[in-house]
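*Asks:* Structure in structure tokens, see below.
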Amino acid sequence: MKLAPGVTVRKEGMDLDEVVLGTDLDRRDWVTMGRAAMHVIEREGRYVLRLADNESEVRKSFGGRLWYAPDAAYRVRATFVPYPPGRKVTIINVLDEASDEPSPGYVEFALGGETHRLDAVGEDDGLFFVLRDATAGETTYRPGRFLYVAKKPEPGKPFELDLNRVYNPPCAFSEFTTCPLPPKQNILKVRIEAGEQYPPRRAG
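Here it is, written out as structure tokens:
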């Protein structure tokens, strides 16, 4: 990023008129300029400058997130079944853009007297799910929620899938974000009354 003469951004306590902004998913290179903060993201080979307003009224009045009380009934026994290498799942985002994302496999678990299945997407060491359940639009965010398992389970070996950790995507909090929607196979008919609710608490 090269700034106009006399203009600087602030990064790690230093004022700079030129700075390299990486796109590492695990460590965003944020810079600030007055009330504005920004970093670069990479999406499908395109680079986007993402801006944030640190003095936004939405931010100032944010009253906190709202969660169901933890419930042991939603810590379910699940099994991870890997797909053959190269398997992809089509994901549509809120802008109706489609992308084919790598899918390492799916998890299968029982809840409400039925067996359910969720396809994972991503290529890291864990499992990431975009899902929707029967609470969507009532007590949870209508488009869907996310769930992340930090470490990929051993294939075919039962593990604990904690649905209390289901959380809202960024789109639940800002109209200026672009979030993936759940693929049709990840839309569940069962109610998952666990994890993050919607809307968040209101200020005051």
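Mapping to our numbering: the sequence shown position 152 is 164, numbers consecutive. We treat Cβ as the ideally placed atom computed from N, Cα and C, and that holds for glycine. Owing to the predicted nature of the structure, the values given are computational and were not obtained by experimental measurement.
Kindly provide the ranges of any beta strand (DSSP E) runs that are 3 or more residues long and lie completely inside the stretch 48-135, ordered along the chain.
*Replies:* 48-55, 58-65, 87-94, 100-104, 110-114, 117-123 and 126-131
*Asks:* Where does R39 fall in DSSP's three states?
*Replies:* Taking the first residue of the sequence shown as position 1, residue 39 is located at position 27. Here R39 sits in coil by DSSP.
*Asks:* Under 8 Å, do L28 and V21 count as touching if we go by C-beta distance?
*Replies:* If you number the sequence shown from 1, residue 28 lands on position 16. If you number the sequence shown from 1, residue 21 lands on position 9. Yes; because the gap between Cβ atoms is below 8 Å, this pair is in contact.
*Asks:* Quick check: what's the CA-CA separation for G156 versus K23?
*Replies:* As a first step, residue 156 is located in the sequence shown; it is residue number 144 there, counting from the start. As a first step, residue 23 is located in the sequence shown; it is residue number 11 there, counting from the start. Each residue's Cα considered, the two are about 35 Å apart.
*Asks:* Between which two residues does the beta strand (DSSP E) holding K23 run?
*Replies:* Translated into the one-based positions of the sequence shown, residue 23 becomes position 11. It spans V21 to K23 - the beta strand (DSSP E) in which K23 sits, taken as one unbroken run.
*Asks:* Please tell me whether V161 and G134 are closer than 8 Å, where the distance is taken between their beta carbons.
*Replies:* As a working mapping, residue 161 is identified with position 149 in the sequence shown. As a working mapping, residue 134 is identified with position 122 in the sequence shown. No, Cβ-Cβ distance for V161 and G134 is not below 8 Å.
*Asks:* Determine the closest residue to L193 out of D174, Y210, Y153 and I204, with distance taken between C-alpha atoms.
*Replies:* Here residue 193 corresponds to residue number 181 of the sequence shown, with the count starting at 1. Checking every option, the nearest Cα to that of L193 belongs to Y153.
*Asks:* What are the boundary residues of the beta strand (DSSP E) that V142 is part of?
*Replies:* Start at 1 with the first residue of the sequence shown, and residue 142 comes out as number 130. Segment L139 to L143, the beta strand (DSSP E) holding V142.
*Asks:* Under 7 Å from any heavy atom of the ligand SAM, does the C-beta of T44 make it?
*Replies:* As for the ligand SAM, it is missing from this structure, which has no ligand bound.
*Asks:* Among F140, R62, I204 and V70, which residue has its Cα nearest to the Cα of G34?
*Replies:* Translated into positions along the sequence shown, residue 34 becomes position 22. Comparing Cα-Cα distances from G34 to each of F140, R62, I204 and V70, the minimum goes to R62.
*Asks:* If you reduce the DSSP assignment to three classes, tell me which class K169 lands in.
*Replies:* Taking the sequence shown and counting its residues from 1, the one referred to as residue 169 is at position 157. Note: K169 maps to coil in three-state DSSP.
*Asks:* Using DSSP with H/G/I as helix, E/B as strand and the rest coil, what is A148?
*Replies:* Taking the sequence shown and counting its residues from 1, one reaches residue 148 at position 136. DSSP, reduced to helix, strand and coil, places A148 within a strand of the structure shown.
*Asks:* Quick one, are the C-beta atoms of P165 and F92 less than 8 Å apart?
*Replies:* The count along the sequence shown starts at 1 and reaches residue 165 at position 153. The count along the sequence shown starts at 1 and reaches residue 92 at position 80. Going by C-beta atoms, P165 is nearer than 8 Å to F92.
*Asks:* Between which residues of its own chain and Y179 is the CB-CB distance below 7 Å, once the five residues before and five after are set aside?
*Replies:* As a working mapping, residue 179 is identified with position 167 in the sequence shown. Only R157, F158, G207 and E208 meet the Cβ criterion.
*Asks:* Nearest-angstrom Cα distance between G216 and H51?
*Replies:* Residue numbering aside, residue 216 sits at position 204 when the sequence shown is read from its first letter. Residue numbering aside, residue 51 sits at position 39 when the sequence shown is read from its first letter. Residue placement at G216 is flagged as unreliable, the pLDDT there being 46, under the threshold of 50; the coordinate-derived value follows with that caveat. Roughly 31 Å between the two C-alpha positions.
*Asks:* Can you tell me which of the three DSSP states D154 falls into?
*Replies:* Numbered from its first residue, the sequence shown carries residue 154 at position 142. Per the sequence shown, the amino acid found at residue 154 is Arg instead of Asp. Three-state result, R154: coil.
*Asks:* Verify whether the separation of the beta carbon atoms of E172 and R87 is less than 8 Å.
*Replies:* Translated into the one-based positions of the sequence shown, residue 172 becomes position 160. Translated into the one-based positions of the sequence shown, residue 87 becomes position 75. In terms of Cβ geometry, E172 and R87 form a close pair [threshold 8 Å].
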